[in-house]
Amino acid sequence: MSYSVAVIGLGSMGMGAAVSCVNAGLETYGIDLNPAALEKLKAAGAKDVATNGDAFAKDLDAVVVLVVNAAQANAALFGETGIAKKLKPGTAVMISSTMAAADAQAISQKLTELGLIMLDAPVSGGAAKAMKGEMTVMASGSKEAFDKLQPVLDATASKVYNIGEAIGLGATVKIVHQLLAGVHIAAGAEAMALASKAGIPLDVMYDVVTNAAGNSWMFENRMKHVVDGDYTPLSMVDIFVKDLGLVNDTAKSLHFPLHLASTAYSMFTEASNAGFGKEDDSAVIKIFSGIELPKKGGN
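Heads up, the sequence shown is in the numbering used here, so the first residue is 3 and it goes up one at a time.
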């Protein structure tokens, strides 16, 4: 039995997910506004690619939405060229964008009205793991949603967490995760900035930390960009302005104080305001004045 899936949003994570679906033998389609991304996926073996799903929507078993935020997800699904109304009833829609629980619930309501099934399924792991089909998925939804999306989950993820049936639980787990991710990057940047101010070579500091107790996955991954002087965006500063904004909005709704997340949000916002918003999120280190940072291609 063939199984067809369309991935909407071919950024670093979406491209990896789509290529993983191709590699798993799924009939894979790609939707994005970027012609270069469409060509890349087509070359990787996708059955078809397009800026909208008009040509193949009716044939799909599943859709994976991996755009940046709730506004883009709504536009991709319900906008002027949105795919939702073109899908056959019973199609499973996996919403993997980072968004507030209330936004996930609102999207689920609209999909339900169209006879579609939603899995609230944010993802993590970075571009490299996405390309290898080893993402972590934190999902909530009905058993039917999990069952219908099993081929996609098998193709794209090494870990799938079933958080529960209620839509919004997956979104909330991702928001708590992003609190840690953002704070770890900000703390790593602060530590490396202090090392620079103290005259310690950053490649040495990086080597020490990655072989000692202060290490974290985010430090090891992102502070390497600082050591290399390479701020080519894999995940941008502005993504963490958005995500830590969601973290703080969630805390506000729960009347819960978040001291570190609030500070990290301010740091990323300062970096964006200084013109670094489209650079790699490790560029948050550039808010520290009076330090020398490595340049790309050598110190």
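Cβ coordinates follow ideal geometry from the N, Cα and C atoms, glycine included.
Environment of residue i [buried if 16+ CB atoms lie within 10 Å]
i	result
residue 130	exposed
residue 198	buried
residue 276	exposed
residue 257	exposed
residue 176	buried
residue 261	exposed
residue 63	buried
residue 210	exposed
residue 111	exposed
Contact belief for residue i with residue j at Cβ below 8 Å, rounded distance in angstroms
i	j	result
residue 273	residue 228	With a Cβ gap of about 13 Å, residue 273 and residue 228 do not count as contacting.
residue 120	residue 84	That belief does not hold up - the Cβ atoms of residue 120 and residue 84 are roughly 14 Å apart, past 8 Å.
residue 99	residue 71	6 Å
residue 109	residue 76	7 Å
Rounded separation between residue i and residue j - CA only
i	j	result
residue 47	residue 24	6 Å
residue 300	residue 266	29 Å
residue 67	residue 279	23 Å
residue 270	residue 145	38 Å
residue 214	residue 190	14 Å
residue 101	residue 107	10 Å
residue 3	residue 153	12 Å
residue 302	residue 9	Because residue 302 is not part of the residues shown, which for the chain are 3 to 301, the question remains open.
residue 253	residue 92	35 Å
residue 159	residue 292	43 Å
residue 168	residue 192	38 Å
Proximal residues to residue i (C-beta, below 7 Å), its chain only, five neighbours per side dropped
i	result
residue 157	22, 23, 26, 28, 135
residue 194	204, 207, 225, 228, 287
residue 90	60
residue 186	218, 220, 221
8 Å Cβ cutoff, residue i in contact with chain D
i	result
residue 153	The structure shown contains no chain D; it holds only a single protein chain.
Nonlocal neighbours in the same chain, by C-beta distance under 6 Å from residue i, ignoring five residues either side
i	result
residue 237	283
Residues of its chain near residue i, where Cβ-Cβ distance is below 8 Å and the 5 sequence neighbours each way are ignored
i	result
residue 171	103, 122, 142, 165
residue 74	11, 99
residue 133	17, 18, 21, 22
Taking only runs that begin and end inside the stretch 125-195, name each unbroken beta strand (DSSP E) of 3 or more residues, in chain order. 137-142, 159-166
Along the chain, which unbroken stretches of the beta strand (DSSP E) at least 3 residues long are found entirely within the stretch 13-45? 29-33
If we require 4 or more residues per run, which alpha helix (DSSP H) segments fall completely within the stretch 185-246? 204-212, 219-230
Alpha helix (DSSP H) runs contained entirely in the stretch 240-280, provided each spans 4 or more residues: 261-273
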